[in-house]
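Encoded as structure tokens, the structure appears first; notes follow it.
Residue numbers (the working numbering): 626 to 1016.
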């Protein structure tokens, strides 16, 4: 009897374990996004945290404007243009239709006003006006858009215009949108416009009529989602509802891209789902900021004896929550460096590891140029060294 009883107990336990395992598997819902394509990316490292059809070539609608804004921000950074520069509105740019600022031919707007119009109101006319100002024609600007896409490794992309209005052969992917969004977010100034919820702008010609245009951000997450700081919405009947959304919390910067959602509300809810997952699961451990001085090293046979070594880019470690203390940092630098040096010359690296496995690295570069010392310079150094030793 005792043996039978034990067998019954064992059978009950086994059944309970099997049932429990089945219940867990059956109740675990697959993490899916209601869209043709979607991605969640860490904006600092480019690590993909979620993906769905991320290389499918799809129409992006107005999310195209991320590249238009990026090229404009790069031109500003390179001092090719200035925010206060005046842009003359052409007949072509004023005739774009769709979401727009209703700019008049012959009207003048500053670069800053046009960027604001694109960021907040998704203005098609502002995109073409900027393109013509930067490259002479929209066609030449689109050529540069495609060149920049290739430089960034956006291999699923072909741009045909600056604003995403329907045009055959105009496509990109969720992955490529995340890549160009990541690049755009490197410019802190862009957030000043991307995070505007409501604003106004005066448009029109003085000799005709000046209108005060009410602008409301097409990206509703700016108002409703804590930490949201960009980027761009889009819609056409072919592309359906699209979004590149960015948000930042506790040093963790995420980008969620949604392409081809059935409704406007769904795209925002699905983007929030991705962002919530990212913030709940991962942490960002800051290591070094861009251009931060990491170390000072001796320069041999240089006009100056020391040079600051700085980080070429920002570096942070993306880890699962709870693993923050597992991040290890190794600085690889020679003790002495021979002149001459050029500004930005690579001299070493910072390597990040978690449990002995490399996860990221960043170049360490010279903060400035240092020329080789002349014979007179070397003689002067010997004299100064001699005087210091006698003190």
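All C-beta atoms, glycine included, are put in the ideal place defined by N, C-alpha and C.
Could you tell me the alpha carbon to alpha carbon distance between residue 714 and residue 899, rounded to whole angstroms? 39 Å
Could you check whether residue 745 and residue 717 sit closer than 8 Å to each other, using their CB atoms as the reference points? no
So for residue 768, helix, strand or coil by DSSP? helix
Please report how far the alpha carbon of residue 649 lies from the alpha carbon of residue 659, in whole angstroms. Bear in mind that the predicted position of residue 649 carries a pLDDT of just 21, short of 50, making it unreliable; the figure below should be weighed with that in mind. Their Cα atoms are separated by approximately 24 Å.
Can you list, in chain order, the residues of its chain with a C-beta nearer than 8 Å to that of residue 914? Leave out the 5 residues immediately preceding and following it. 936 and 939
Would residue 855 pass as a contact of residue 819 if the rule is Cβ separation under 8 Å? yes
Report, in whole angstroms, the separation of the C-beta atoms of residue 661 and residue 846, which I expect to be a contact under 8 Å. 20 Å between Cβ atoms; not a contact.
From the DSSP secondary-structure annotation, give me the bridge partner or partners of residue 743. Residue 743 pairs with nothing; no bridge assigned.
Could you check the C-alpha separation between residue 813 and residue 698 for me, to the nearest Å? 10 Å
From the DSSP output, read off the bridge partner residues of residue 911. 941
Alpha carbon to alpha carbon, how far is residue 871 from residue 878? Give it in angstroms, no decimals. 7 Å
Assess contact between the region 762-778 and the region 720-734, defined as three or more Cβ pairs (one per stretch) separated by less than 8 Å. Is contact present? no
Candidates 783, 719, 825 and 679: which alpha carbon is nearest residue 692's? 783
For residue 987 and residue 941, what's the separation of their Cα atoms in angstroms? 10 Å
Excluding the 5 residues flanking residue 960 on each side, which residues of the same chain have their C-beta closer than 8 Å to its C-beta? 922 and 923
Confirm the yes/no value for this check: CB of residue 732, any heavy atom of the ligand ADP, distance under 7 Å. Judged by which ligands are present, the structure shown has none, so any question about the ligand ADP falls away.
What residue range does the beta strand (DSSP E) around residue 854 cover? 853-861
Under a Cβ-count criterion, where at least 16 other Cβ atoms within 10 Å of its own Cβ denotes burial, should residue 808 be classed as buried or exposed? buried
Determine the burial state of residue 748: buried for a count of at least 16 other Cβ atoms within 10 Å of its Cβ, exposed for fewer. buried
Simplified DSSP state of residue 864, which is helix, strand or coil: coil
Considering only the alpha carbon of each residue, which of 851, 834 and 742 lies closest to residue 840? 742
Using only CA atoms, which one of 862, 769 and 689 lies nearest to residue 798? 689
First and last residue of the beta strand (DSSP E) that includes residue 803? Unbroken run through residue 803 is the alpha helix (DSSP H), 799-809; no beta strand (DSSP E).
Strictly under 8 Å for the Cβ-Cβ distance: is residue 737 near chain C by that measure? In summary, chain C is missing from the structure at hand, where a single protein chain is found.
Inside the region 690-755 only - beta strand (DSSP E) runs reaching at least 3 residues: 711-713 and 733-735
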